[in-house]
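Student:
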Amino acid sequence: ESKRVNGKPRPVPILYLGTVEQLLDKLLHAPGGNLRIESFQHGDVAALTAIAQRLDVAGIIDRHVPQQAHAAPSVGLTLLLAALNRAVQPRSKRGWAAWAKGTSLSHLFPNLDPDALTSQYFWDQMNCVSPDALRGIERELVQAVIRELGISLDLLFYDTTNFFTYVASDNPKPKLLQRGKNKQRRTDLRQFGLALLVSRDGQIPLCSQVYDGRTIDCKLFPDAFSRIRERLAEITQDTREITVVYDKGNPTRAHQLEVDKAPFGFVSSLVPSHHADLMAIPMADYQPLPEGSPLEGLPVYRTTKVVWSLERPGVLFRSEQLREGQIRGLQQHLDKRLRELEEWKEQLALPHSGPRDFEKKVEDILKGQYIADVLRIEYHPERKGADRLDYHVDLEAMAHLHEEVFGKRILVTSRSEWTTEEIIQAYRGQSHVEATFRQCKDDEHLAVRPQFHWTDQKIQVHAFICLLALMLARVVERQARALGHQEGLSGLLDLLGSVRLAMVLYASGPQGGRPRTTWQLEEMRPEARKLFEACVPSKAPFVYTAPTA
């Protein structure tokens with residue numbers, strides 16, 4: 021190992037193993053006649069590869085894109101290899117080969133030379149995939165997943181997110197990368213958006229759209245909804261039993277008219293501030309759901325209301341988790357305003373001090389949701405010193421917010437035949453797509469970033485690669501859930517990643533000759549073996565066993 025000797029790095033031997041001849045002699049005469057000398061990360065890439073082969077991912081991609089002459093691997097296989105990296109340990113295309121050498125990919129794909137897959141090779145292959153081709157590929161992949169796994173389409177969830185990038189502000193090439201309201205609060209960087217529709221069953225991504233980073237949700241919704249309607253018609257003949265769930269802020273009155281024409285149902289939330297009459301219904305009128313209900317004790321209020329020009333079933337309920345978060349948020353903002361007021365009061369105590377425009381200063385302090393409702397400020401210019409400023413918190417108004425406003429949710433639906441519990445549970449399923457977005461921002465597995473592409477076409481292909489990785493990983497998760505695993509998706513991939521493939525050297529035996537090598541799985545935890553065997557077919561090159569004596 022390297023150590024500093026007299027301030028300079030020097031190699032320091034840890035153990036002397038002997039000459040080359042002595043070392044080979046030790047290897048060939050090890051106890052039992054064999055010795056592991058090399059191993060590779062295997063379980064996760066093998067499970068994902070098995071699913072990709074079952075779905076014919078590479079074949080589907082290759083059917084939609086032109087192939088480069090004499091290029092091997094093909095475009096489909098190249099994108100699949102990139103997706104495997106995204107699922108297991110996201111790296112840039114430049115770092116792909118170094119990562120691949122530590123895995124069993126060269127054994128899963130015998131003709132694969134990791135060193136040949138340079139960043140330039142990836143970019144050239146990605147350049148073959150047009151946006152129209154991506155839509156066709158996604159459609160076929162979704163159809164294959166539904167056909168192979170029997171995914172239920174009864175309840176689907178739609179939402180959007182965005183991903184910041186480090187592409188230079190003066191780069192005019194990308195039109196998708198724009199500044200906007202970033203959900204990770206990086207408004208100083210350019211971003212692109214991603215709209216996604218996922219299934220309740222398995223959280224499989226069914227329809228996606230990459231859009232420019234400045235587009236707000238309600239502007240995107242008409243185009244996204246048209247894509248969703250088209251995709252559902254492509255993957256199933258009967259859409260009447262499908263219900264699409266989306267959050268407040270997506271549709272306007274005009275957009276909702278298009279939703280009403282669709283053959284499938286919907287569940288959506290409403291912006292509370294737009295429906296003061298519903299928010300004014302006192303909590304005393306809410307009724308707890310009965311004993312034995314999946315949502316036992318939850319206070320709810322069922323009604324009908326004209327929303328978006330039609331009378332619709334509505335459900336109001338109070339989420340304690342939301343309520344507690346709103347209480348904490350208001351208190352944090354209120355504490356900040358009180359500190360500002362205390363500092364102002366101390367300043368007023370100094371001679372010849374005071375704001376030139378005290379009305380504007382009071383207005384600025386009262387900015388923020390609910391602050392003006394609970395904070396009372398009076399400024400008396402005729403007084404002197406600190407006595408000019410009086411302020412206090414209206415405890416009665418604060419109690420009203422805590423008990424009658426905070427935590428309330430308003431839902432509307434086209435499913436008038438559904439029970440109150442069914443409507444609420446459908447809406448709460450929106451957490452599935454939110455969890456998907458969190459997973460796509462996980463640094464360890466399935467991360468969309470790092471993202472170094474700066475043309476619109478490459479950004480779209482990159483997003484497709486990430487969603488392909490997510491689709492394959494979701495199938496792994498679905499198989500794990502059937503075995504009773506409760507870990508998150510990252511934990512399941514880590515568990516599979518603990519399964520390693522070892523190369524074993526066998527002595528030639530008494531007859532002499534060259535030593536023999538074979539490959540086999542290392543010893544592993546029982547739960548890892550059970551999951552691996554459920555995800556991977558029992559045949560080469562996925563499973564290796566030592567030859568019998």
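In this text, residue positions in the sequence shown follow the numbering used here: the first is 21, and each later residue adds one.
Glycine included, each C-beta is placed from N, C-alpha and C at the ideal position.
Keeping to the same chain, check which residues put their C-beta closer than 6 Å to that of Arg273; ignore five residues upstream and five downstream.
Tutor: So the list reads Trp328, once near-sequence residues are dropped.
Student: Can you tell me the Cα-Cα spacing of Asn54 and Ala522, whole angstroms?
Tutor: Because the pLDDT of Asn54 is 49, which lies under 50, any placement of that residue in the model is unreliable, and the number read from its coordinates should be weighed accordingly. C-alpha separation (whole angstroms): 12 Å.
Student: Measure the alpha-carbon distance for Asp407 versus Glu363 and round it to whole angstroms.
Tutor: Roughly 13 Å separates the two Cα atoms.
Student: Would you kindly work out how many angstroms separate the C-alpha atoms of Arg30 and Arg24, rounded to a whole number?
Tutor: Approximately 6 Å, taken between the alpha carbons.
Student: Taking buried to mean at least 16 other C-beta atoms within 10 Å of its own C-beta, is Arg332 buried or exposed?
Tutor: Flag for Arg332 reads buried.
Student: Roughly how many angstroms separate the alpha carbons of Glu311 and Glu442, rounded to a whole number?
Tutor: Distance between the alpha carbons of Glu311 and Glu442: 16 Å.
Student: Measuring only the C-alpha atoms, how far is Tyr411 from Ile444?
Tutor: Taking the straight line joining both Cα atoms gives about 41 Å.
Student: Quick one, are the C-beta atoms of Arg433 and Val218 less than 9 Å apart?
Tutor: Note that residue 433 is Thr in the sequence shown, not Arg. No, the pair does not count as a contact, with Cβ atoms beyond the cut-off.
Student: From Cys555 to Gln499, what distance separates their C-alpha atoms?
Tutor: Approximately 7 Å, taken between the alpha carbons.
Student: So, is Ala304 buried or exposed, given that buried needs 16 or more other C-beta atoms within 10 angstroms?
Tutor: It counts as exposed.
Student: Assign Ala419 to one of two classes, buried (16 or more other C-beta atoms within 10 Å of its C-beta) or exposed (fewer than that).
Tutor: Under this definition Ala419 is an exposed residue.
Student: Can Ile81 and Gln163 be called in contact, C-beta distance under 9 Å?
Tutor: Result no, Cβ atoms of Ile81 and Gln163 do not sit closer than 9 Å.
Student: What first and last residue would you give for the alpha helix (DSSP H) that runs through Asp280?
Tutor: Its alpha helix (DSSP H) spans residues Arg273 to Lys281.
Student: Are Leu487 and Ser228 touching if we call contact CB-CB under 9 Å?
Tutor: Yes.
Student: By Cβ distance below 7 Å, which residues in the same chain neighbour Ser189 in space, the five residues on each side in sequence not counted?
Tutor: Around Ser189: Arg210.
Student: Which ranges would you report for the alpha helix (DSSP H) in the segment 374-406 if only whole runs of at least 4 residues count?
Tutor: Entirely contained in the segment 374-406, the alpha helix (DSSP H) runs reaching 4 residues are, in chain order, 378-385 and 391-394.
Student: Identify whether Leu410 lies in helix, strand or coil by the three-state DSSP scheme.
Tutor: Residue identity differs from the one stated: residue 410 is Asp in this sequence, not Leu. Asp410 falls in the strand class under three-state DSSP.
Student: With DSSP as the reference, identify every bridge partner of Glu58, one or two as the case may be.
Tutor: Met523.
Student: Could you give the residue range of the alpha helix (DSSP H) that holds Glu239?
Tutor: According to the sequence provided, residue 239 is Lys. The question's Glu does not apply to it. Taken as a continuous stretch (DSSP letters only), the alpha helix (DSSP H) holding Lys239 covers Asp237 to Ile255.
Student: Looking at C-beta atoms only, is the number of pairs between the segment 60-78 and the segment 161-177 that lie closer than 8 Å three or more?
Tutor: Flag = yes, the segment 60-78 and the segment 161-177 touch.
Student: Just the C-alpha distance for His575 and Pro242, rounded to the nearest angstrom, thanks.
Tutor: As shown, the chain starts at 21 and ends at 569. That puts residue 575 outside it, with no answer to give.
Student: What number of angstroms, rounded off, separates the C-alpha of Gly122 from the C-alpha of Ala244?
Tutor: Using only the alpha carbons, I get a separation of about 40 Å.
Student: So, helix, strand or coil for Lys113, using DSSP?
Tutor: Helix at Lys113.
Student: Measure the alpha-carbon distance for Lys239 versus Asn270 and round it to whole angstroms.
Tutor: Taking the straight line joining both Cα atoms gives about 8 Å.
Student: Assuming contact is defined by CB atoms lying nearer than 9 Å, are Thr185 and Gly213 in contact in what I supplied?
Tutor: No.
Student: Quick check on Gln346: does DSSP put it in helix, strand or coil?
Tutor: In this structure, Gln346 counts as helix in the three-state DSSP scheme.
Student: Suppose only complete runs of 3+ residues qualify. What are the beta strand (DSSP E) ranges in the segment 431-477, listed by chain order?
Tutor: Within the segment 431-477, no complete beta strand (DSSP E) run reaches 3 residues.
Student: Around the C-beta of Ile17, are 16 or more other C-beta atoms found within 10 angstroms, so that it is buried, or is it exposed?
Tutor: Because the chain is modelled from 21 through 569, residue 17 falls outside the range shown and cannot be assessed.
Student: Cα-Cα, which of Val326, Gly285 and Lys281 is closest to Asp297?
Tutor: Checked all of Val326, Gly285 and Lys281; the closest Cα to Asp297 is Val326.
Student: Is the beta carbon of Leu175 sitting closer than 9 Å to the one on Ile262?
Tutor: For Leu175 and Ile262, yes; Cβs fall inside 9 Å.
Student: Return the residue from the list Gly170, Asp179 and Val230 that minimises the CA-CA distance to Lys478.
Tutor: The option with the nearest alpha carbon to Lys478 is Val230.
Student: In this structure, how does DSSP classify Val495 when only helix, strand and coil are distinguished?
Tutor: Three-state result, Val495: helix.
Student: May I ask you to report which of helix, strand or coil DSSP gives Phe223?
Tutor: According to the sequence displayed, residue 223 carries Gln and not Phe. Three-state result, Gln223: coil.
Student: With burial defined as no fewer than 16 other Cβ atoms inside 10 Å of the residue's Cβ, what is the status of Val335: buried or exposed?
Tutor: Buried: at least 16 other Cβ atoms inside 10 Å.
Student: Looking at C-beta atoms only, is the number of pairs between the segment 464-483 and the segment 346-355 that lie closer than 8 Å three or more?
Tutor: Segments in contact, no.
Student: Where Asp221 and Ser558 are concerned, what is the direct C-alpha to C-alpha distance, given to the nearest angstrom?
Tutor: So the alpha carbons of these two residues sit roughly 27 Å apart.
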